[in-house]
Amino acid sequence: MLARIAEQSQHIDLQAHTIKLRDIKIERIAHELARLKAWRFGARTERMNAEQRELFEETLAADQASLEAQLEALQSQSGAQSETAAVEPRRQPKRQALPEHLPRVEHRHEPESTTCGCGQPMVRVGEDISEKLDIVPAQFFVNRHIRGKWACKCCQALVQEPVEPHIIDKGMPAEGLLAHLLVNRFVDHLPYYRQEQINERSGVHTPRSTLAAWSGRAGAGLMPLYEAHRAFVLGAAVVHADETPVNMLEPGSGKTKRVYVWAYARSSFDALAGVAYDFCIGRAAKYPVEFLKGWSGTLVCDGYKAYESVLKLEVRIEAGCMAHARRKFDELIKENQSPVAAQAVQRIAWLYRIEKEARELPEHERLAMRQARAGPLCEELHVWLRLERQRVPDGSAIAGAIDYSLNRWTALTAYLVNGNVAIDNVSGWPCHLEIMKKAGKHSVHELNRWTLWKRREWRGANTAPNSGPGCFRRAARPMPPWPR
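Heads up: the sequence shown is residues -2 to 481, going by the numbering used here.
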């Protein structure tokens, strides 16, 4: 009888363990499904909603009540003044002045007659000036190069001015048209087929295959500029690295193949900013290893395995991305599954509040503020994560989020020992998203407009995209003002 009871107890324990594992698996699958649905259909913001904030706003509510009481007391002391105070008029938005560098075309308007009705001549006493913005649409024109031939009747010698070098020798496009093509394609993300249609309206036939070929030839011509720009980016002691997928059309098959654009940017704290792009067929470690050959410094990156090969050298230091660590918890918050994730996001938010204050400080002051204020919070976060990890079941989604932070803790806190290292890999991309997916300050977004590449574009893929965004990061225009 006792043996049977022991057997049944063992069987019950086994079933309980099986059910627990099944629940963990269901939770993980549900988490992945919810994450995919959120990525496909949901909003892309990672801000906490009101319900999430309520978990941590008890102390804030108390502080608010105290401040409201003080404010009420002050208002009661100056009640008479408050009752008679005039309501401040609503401030109207002010129109931004037109840029000073734009040329001004003056149109003068004077009365037909400046003789008064009394017969006396009028005197000009002033003027009113208004400005309206106008545009001259892009217009094709043909440069005719006429090279005169000069001959000597005595010795039969012939003299003629040599042909100037061009990006495409004996080709139809001039350098201005090529610059226009590349800016439209890689800065404004205008596909070739749309450029073809636009050109057709002016009676100029430029098939998209021709435009792609021109881009490739122009890319080859820009290669020295690309190499100089790459050397400039890798001249920084802190470099951000990231990669994004792009769909490339396979010729003749009608299918697409996934390729990658790797981006490398100087630190956002550098006086001179810069970002270089490397178009690659894959996502293997050999691509960043080759691009970063000879470089030493701190690499800010996420936890992708390929970067481990890059960081094998002792002259390179890894810095992690706090935004990636935060995102692991944020995905769980959106499912309302774990209060632990919400508390983790709140703790990380405190670090970002400090970083917001420190960003504008000089390097040594920034580092001092980080170590004095963010350092203790990071230590508390680390201890808290280790304790919470012991309480959550292995294999659960929250366990995976905590493990990501704990396994990369040294990298995540690298910004506490180097004032030029950003807290995450997002701060270093004020223009990355222009061509990838949301510089900093730049547009993630137009990605859908240029996401299909062709093999004909490969040659220019590494050079042309580096030229336009590079100009923007230096507050320069990628094209000169026209006419020139």
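In this text, a Cβ means the ideal position worked out from N, Cα and C, and glycines have one as well.
{"Query": "Among E352, A268, G397, the one whose alpha carbon lies nearest that of C375", "Result": "E352"}
{"Query": "Cutoff 8 Å: N196 Cβ touching any chain C Cβ", "Result": "You won't find chain C in this structure, because it holds only one protein chain."}
{"Query": "Per DSSP, the bridge partner or partners of Q157", "Result": "K146"}
{"Query": "Assumed close pair V236, G294 - CB separation to whole angstroms, cut-off 8 Å", "Result": "6 Å"}
{"Query": "Pairwise C-alpha distance: A355 and I399", "Result": "27 Å"}
{"Query": "Straight-line gap, V156 to G173 (C-alpha atoms, nearest Å)", "Result": "29 Å"}
{"Query": "Beta carbon of L382 nearer than 8 Å to that of L403", "Result": "yes"}
{"Query": "Cβ distance (whole Å) where A320 is taken to contact N422 below 8 Å", "Result": "7 Å"}
{"Query": "Beta-carbon gap between N417 and F266 smaller than 8 Å", "Result": "yes"}
{"Query": "Cβ pair L179, Q192 closer than 8 Å", "Result": "no"}
{"Query": "Contacting residues, own chain, Cβ-Cβ under 7 Å from V312 (five flanking each side not counted)", "Result": "S293"}
{"Query": "Under the three-state DSSP convention, the category N244 falls into", "Result": "strand"}
{"Query": "Reduced DSSP secondary structure (H/G/I, E/B, other) of I314", "Result": "strand"}
{"Query": "Sequence-distant residues of its chain with Cβ nearer than 6 Å to Y261 (five each side left out)", "Result": "V230, V236, A238, A273"}
{"Query": "Simplified DSSP assignment, three categories, for F183", "Result": "helix"}
{"Query": "Residues near I314 by beta carbon distance below 6 Å, same chain, minus five either side", "Result": "T295"}
{"Query": "R405 and A396 closer than 8 Å at C-beta", "Result": "no"}
{"Query": "Opposing strand residues paired with W292 [DSSP bridges]", "Result": "None; W292 has no bridge partner."}
{"Query": "According to DSSP, residues forming a beta bridge with F276", "Result": "V258"}
{"Query": "Nearest candidate by alpha-carbon position, reference A171, set N196, W211, L187, Q194", "Result": "W211"}
{"Query": "Unbroken alpha helix (DSSP H) run spanning L409, endpoints", "Result": "406 to 409"}
{"Query": "Cβ neighbour criterion (16 or more within 10 Å) applied to F276", "Result": "buried"}
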